[in-house]
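Data block below; observations after.
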Amino acid sequence: MERDLNYLHIIFLIMRIIATADIHGKQYRMNQFIEAVEEYSPDLAIVCGDITHFGPGELAKILLDQIPIETMAIPGNIDTEEVFDYIDKSKALNLHLKKVKKNGLTFVGLGGSDTLPFHIRRQPPVSEEELKEKIDSLMEKSCVLVTHVPPYGVQDSVFLGMHAGSRWVREIVEEYKPKLHLCGHIHEDPGFSKLGETVVVNCSMGKKGRGAVVDIDERVEVKMLK
Numbered sequence: 000m001e002r003d004l005n006y007l008h009i010i011f012l013i014m015r016i017i018a019t020a021d022i023h024g025k026q027y028r029m030n031q032f033i034e035a036v037e038e039y040s041p042d043l044a045i046v047c048g049d050i051t052h053f054g055p056g057e058l059a060k061i062l063l064d065q066i067p068i069e070t071m072a073i074p075g076n077i078d079t080e081e082v083f084d085y086i087d088k089s090k091a092l093n094l095h096l097k098k099v100k101k102n103g104l105t106f107v108g109l110g111g112s113d114t115l116p117f118h119i120r121r122q123p124p125v126s127e128e129e130l131k132e133k134i135d136s137l138m139e140k141s142c143v144l145v146t147h148v149p150p151y152g153v154q155d156s157v158f159l160g161m162h163a164g165s166r167w168v169r170e171i172v173e174e175y176k177p178k179l180h181l182c183g184h185i186h187e188d189p190g191f192s193k194l195g196e197t198v199v200v201n202c203s204m205g206k207k208g209r210g211a212v213v214d215i216d217e218r219v220e221v222k223m224l225k
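Taking numbering that gives the first Met the number 0, the leading residue of the sequence shown gets 0, the next gets one more, and so forth.
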């Protein structure tokens, strides 16, 4: 599934995506990501949350506006109400609870985490039933799902191999079978795996790496960026 992505796009390539997560307000991390954008010439950048470290909101806009290509972003579990508002003010598209079509692909976003249950800091927690109804209205088979947290049991290992992903996100992936699932949050376990028909990519740069490049045609091919 992984290959050398330094060559020209193949003629039938639908899209090249570069994705990262867990920048946590660090300019040097954004610099590393921008270097990767320039190196791999992707069509789209996706930031899977925790753009800042509890704000400030303006920093999210400052960071996102540096990305030199079209960008989609979602808030993470420690991105504040201000951060959410400044994503909207940035050049990036805030994908949280939205469905967007590009190059024949459907992108669906879900920010935050599921501890209260699923919420972001700008909103009061909503019930799982309310959120499930919203997600049901957005999801499509073979879409690209963008969340902050990974599905339980997939690229979510932390201390002593314990799993820290979301069971609820796993249910979404198993039910709708997206073509690609981009996530972050778990700094200790960047990489990619299959969950049924879905390629799950934890693109966190929290401890190491710069994210991931994903080529989508009839297949999904991933390169983790060191």
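Glycine included, every Cβ here is placed at the ideal spot set by N, Cα and C.
Since the model is a prediction, treat every value here as computed from it, not as a measurement.
Glu220 is the residue among Lys207, Gly24, Glu220 and Lys206 whose C-alpha sits nearest the C-alpha of Val200. With a contact defined as Cβ atoms closer than 8 Å, Gly205 and His186 qualify at about 3 Å. Less than 8 Å separates the beta-carbon of Cys47 from that of Ala18. The stretch 63–75 makes no contact with the stretch 168–178; the number of CB pairs closer than 8 Å stays below 3.
Here Val157 is exposed. Its C-beta has fewer than 16 other C-beta atoms within 10 Å. The beta-carbon distance between Cys142 and Pro189, rounded to whole angstroms, is 22 Å. This is too long to meet the 8 Å contact definition. The alpha-carbon separation between His162 and Ala44 amounts to approximately 28 Å. Scanning its chain for C-beta atoms nearer than 7 Å, with the 5 sequence neighbours on each side dropped, one finds around Ala35 the residues Ile17, Arg209, Gly210 and Leu224, in chain order. In this structure, the alpha-carbon of Ile215 lies about 30 Å from that of Val82. Here Leu159 is exposed: its Cβ has fewer than 16 other Cβ atoms, across all protein chains shown, within 10 Å. Listed in chain order, the beta strand (DSSP E) elements of length 3 or more contained wholly in the stretch 185–220 are 190–194, 197–201 and 210–215.
One thing to note: Tyr85 has its Cβ no nearer than 8 Å to the Cβ of Gly103. When DSSP states are grouped into helix, strand and coil, Val172 belongs to the helix group. For Thr79, same chain residues with a beta-carbon under 7 Å away, outside a window of 5 residues either side, are Phe53, Gly54, Gly56 and Arg120 in chain order. Residue pairing by DSSP leaves Arg28 without any beta bridge partner. Straight-line spacing of the CA atoms in His147 and Thr51 works out to 13 Å.
Between the alpha carbons of His184 and Lys98 lies a distance of about 22 Å. Using a 10 angstroms sphere on the CB of Lys222, the tally of other CB atoms reaches 16 or more, which defines it as buried. For Ile77, the three-state secondary structure derived from DSSP is coil. The DSSP-derived three-state label of Val82 is helix.
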